[in-house]
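Only one structure is covered here, and it is reproduced in the block below.
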Amino acid sequence: MALPVADGHDVTNASGTSMKQYEEQLYALRKENFHLKLRVYFLEEKLGTGSPPAVQGLLEHNVRLQVEGSISTDSVENMSMNNCIALKKDTTQDQIPDQKDVTYDTCAESESAGDYLAVTVNNEDLDELARLRRENRKALQMIKGCMKKIQQQDKEMKKIKLDKELTYAQVSDSQLEKYQEILKCKDEHIKDLESKLRELQRNYENKPSTASNSCVLGEDKKRLAESILEQSLALPVGLELDESMAPDEFTMDESNLEVSQTLRLEDLTAMFGHHVTCADDHDRYSTRKPMKYLPMADVISESECWSEPDRNVSLARVGLCDTGLSTRDSVSDETKFNRSRRAKLSYGSRSDEKTSPDAVDNLNTRCETLEREKLELNGKLQFTIQEIEELSTENRNIKENLETERINAAEADKHVAALRSTILSLESQLKDVEQKLTDSVKMIEVMRSERQELEATFLEKERSLRRAADEATLQASQVALERARAQHDRLRIEKELEETRDKLSSVMEFNSQLEMEVTRRVGQDVDDKMLEVHEGVPSEEERPTSPDQGIDSDRLSSLEQNDAGTLAETLTQLNAANMRKRSVQRAICREIHKTQGVLRKARDQFENQN
0 MALPVADGHD VTNASGTSMK QYEEQLYALR KENFHLKLRV YFLEEKLGTG SPPAVQGLLE
60 HNVRLQVEGS ISTDSVENMS MNNCIALKKD TTQDQIPDQK DVTYDTCAES ESAGDYLAVT
120 VNNEDLDELA RLRRENRKAL QMIKGCMKKI QQQDKEMKKI KLDKELTYAQ VSDSQLEKYQ
180 EILKCKDEHI KDLESKLREL QRNYENKPST ASNSCVLGED KKRLAESILE QSLALPVGLE
240 LDESMAPDEF TMDESNLEVS QTLRLEDLTA MFGHHVTCAD DHDRYSTRKP MKYLPMADVI
300 SESECWSEPD RNVSLARVGL CDTGLSTRDS VSDETKFNRS RRAKLSYGSR SDEKTSPDAV
360 DNLNTRCETL EREKLELNGK LQFTIQEIEE LSTENRNIKE NLETERINAA EADKHVAALR
420 STILSLESQL KDVEQKLTDS VKMIEVMRSE RQELEATFLE KERSLRRAAD EATLQASQVA
480 LERARAQHDR LRIEKELEET RDKLSSVMEF NSQLEMEVTR RVGQDVDDKM LEVHEGVPSE
540 EERPTSPDQG IDSDRLSSLE QNDAGTLAET LTQLNAANMR KRSVQRAICR EIHKTQGVLR
600 KARDQFENQN
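Okay, so the sequence shown: first residue is 0 according to numbering that gives the first Met the number 0, each after it adds one.
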């Protein structure tokens, strides 16, 4: 009689996905993690070239933490693979006892030994599962620690990047302000130099009139001599005025030297040829643009002039003040002084009528000196033009440098924007990786919970199967005992039936023989009675004894003895059968008690281990 086959417990039917699908998901995550590692490596190479050493150290530490996280995930995957292998082993070991149950043998000792071996194997598997659980917990703790470290490093990286961007922005703003200030100063200096150049060009344009006047003086010496003789009285006054003006002119600053020299030329020409130069001065000043006159400064003593230099001049040397105003003021003051002196000279020329030849020689020497000064002024003009050209080239270079700096700043801004975009992409990728890692951790937790549920169901199923196996063994032993009893009873009944049949046949034969004897004897008795009736009853002494009657009595006694022997034999056979039956029952009871003891021991050991 075979036991019913128990339904197998499939591990993959507990959840929606199978272990193969879990393995495929883990393989895909591992592959994606490898690609992300490559991306992080290349981005680190790109960012590590232009970043400071502190940021490079943080990047290296972040990459190290990422590698540790990947190693921990690989260890978790390996542990999950080991768990899958252990679960597969458990399922195979669950299927092996089912096959044993299908091919169940009636021998109780072999079943008990197989159950004991299965219990020991299951104990080893449970120990391995406990060890794998501990390893999984350690791996999860390591992963959580690595995740915390990675988050902290990301926060530090964000702070450092923000600080770096702020410092770059501050430095760029400060540099732009400095360059703007330098450009303003250079522009003002260039404007001052341009104004000086205009003034010098105007003075240079006015100098040909003085040269023409000197030529007129050379051609018309006679007329000049006459006029000089007429102005002999006014000459000492003019010389005194020139001598009085000389120290004032020599005390002027270097920046106003060219203007003062031009004014001295104008004063001399006006002093000795006022009738020619008045019209020219009128035309020149009429063609000029009207100048804005600033209020005059307070009168300063000669000691203050020598002790404290002009601030505007010093500022003009530095390039922070407009020197055109000072030149205009000096020009306006000189023009006023020249007009007043012309008036005095004209008055002196009317009053004086004689001059000396020494004065003519002085005038010639003075003209020569004026020509020399003119040449010097031309050289200075060329020198100033060269300086202006150099300053203009320097200004162009500064503007070009500023444009290059602006281009570099724009490129730096673009680079910073690209870095920000890459950082944002990296942060998004890190968030995706963290999300995937959290999903994998959640999946591992779900798998762990499912595994615990599967283990619980496995234990419950195992207990139920063991109980069913115990009950089945008891039922099988009872069935075997009942079968043995029934078979023994059947054999006994068949034997008794055969014995009864034999006895019945022997009894039937004996009855037939007895009937035949009875009929024969009845016939003989009837014949004897008939003879007695016909012949009379003889005496007993005279009655003849026949040998047939002795033979019949012997037959009857032998039949009775045979019946008694057969009955005794049947009784002895029945007693022997009963004794054998009792011995078989005792042996069966002993085997049943042995199997029950073995099952109790196995159950106690299994419960103690659980």
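Glycine residues also receive a C-beta, built at the ideal position from the N, C-alpha and C atoms.
Going by the CB atoms, is the gap between residue j and residue i shorter than 9 Å?
i	j	result
Leu401	Leu192	no
Glu495	Leu573	yes
Lys160	Ile387	no
Thr472	Thr571	no
Lys441	Leu28	no
Leu125	Gln608	yes
Ile189	Leu418	no
Glu134	Met78	yes
Gln512	Leu558	yes
Thr383	Lys195	yes
Asn82	Arg450	yes
Ala576	Arg520	no
Lys87	Met18	yes
Arg599	Arg132	no
Glu444	Asp153	no
Asn32	Val415	no
Give the C-beta separation of residue i and residue j to the nearest angstrom, bearing in mind that I take them to be a contact with Cβ-Cβ under 8 Å.
i	j	result
Leu35	Glu76	No, Leu35 and Glu76 are not in contact; Cβ-Cβ is about 16 Å, not under 8 Å.
Ile406	Lys185	About 20 Å separates the two Cβ atoms, so there is no contact after all.
Arg465	Phe605	7 Å
Ile591	Ala483	The pair is not a contact, with the Cβ atoms about 11 Å apart (cut-off 8 Å).
Ile149	Thr72	Going by Cβ atoms, the distance from Ile149 to Thr72 rounds to 12 Å, so no, they are not a contact pair.
Glu404	Tyr40	In fact, because the Cβ distance is near 34 Å, the residues do not count as touching under 8 Å.
Glu498	Thr569	6 Å
Could you check if residue i belongs to the surroundings of the ligand NAD, using beta carbon to heavy atom distance under 8 Å?
i	result
Gln385	No copy of the ligand NAD appears in this structure; indeed no ligand is present at all.
task = May I ask you to verify whether the segment 453–470 touches the segment 579–589, counting CB pairs closer than 8 Å and requiring at least 3?
result = no
query = For the 8 Å Cβ check, are there 3 or more pairs between the segment 557–571 and the segment 476–490?
reply = no
inquiry  = Check whether the segment 363–379 and the segment 151–159 are in contact - that is, three or more C-beta pairs closer than 8 Å.
reply    = no
query = Can you give, in chain order, each stretch of the beta strand (DSSP E) that sits fully within the segment 373–444 and has at least 3 residues?
reply = none
message = Which runs of the alpha helix (DSSP H) at least 4 residues long sit entirely within the segment 481–519? Give them in chain order.
response = List check, alpha helix (DSSP H) in window: nothing returned.
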